[in-house]
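A.B. asks: A single structure is presented below for examination.
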Amino acid sequence: MYAGLCFSIAEMTAALPHAGGAYSFERSAVGPLGGYLGAIFGTPDSAAPFWRLAAGLAWFALVARHRLVHAPEERFALEARRRR
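Numbering-wise, my numbering comes out as the position in the sequence shown, counting from 1, plus 846.
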């Protein structure tokens, strides 16, 4: 089974010359979210703290971006509704 996996990855490397190994093939097949999830769930437990930190920073960045970009618009819309 492992030999089949190795031969499959070797064949895909020739067909799709991307950097990143199996994760780049997964990203090509199922899109960026699938590649991201495959990278997270396929990572050994020794690298789990790094992924938790990266996921936490990504979550913080998304929340901060939402508050900076969308919160003022929502606040102004709420104030406009109150004025009516």
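By construction, the Cβ of each residue, glycine as well, lies at the ideal position given by its N, Cα and C atoms.
Check for me: the alpha helix (DSSP H) holding Ala849 runs from which residue to which?
C.D. replies: Tyr848 to Ala861
A.B. asks: Between the alpha carbons of Gly881 and Ile855, how many angstroms are there, rounded?
C.D. replies: 15 Å
A.B. asks: What are the boundary residues of the alpha helix (DSSP H) that includes Ser892?
C.D. replies: That residue, Ser892, is in no alpha helix (DSSP H); it is neither H nor E in DSSP.
A.B. asks: Secondary structure at His912, three-state DSSP: helix, strand or coil?
C.D. replies: helix
A.B. asks: Have a look at Phe871 and Leu914 and give me their C-alpha separation to the nearest angstrom.
C.D. replies: Approximately 35 Å between the Cα atoms of the pair.
A.B. asks: Please report the straight-line C-alpha distance between Pro890 and Arg911, rounded to a whole angstrom.
C.D. replies: 31 Å
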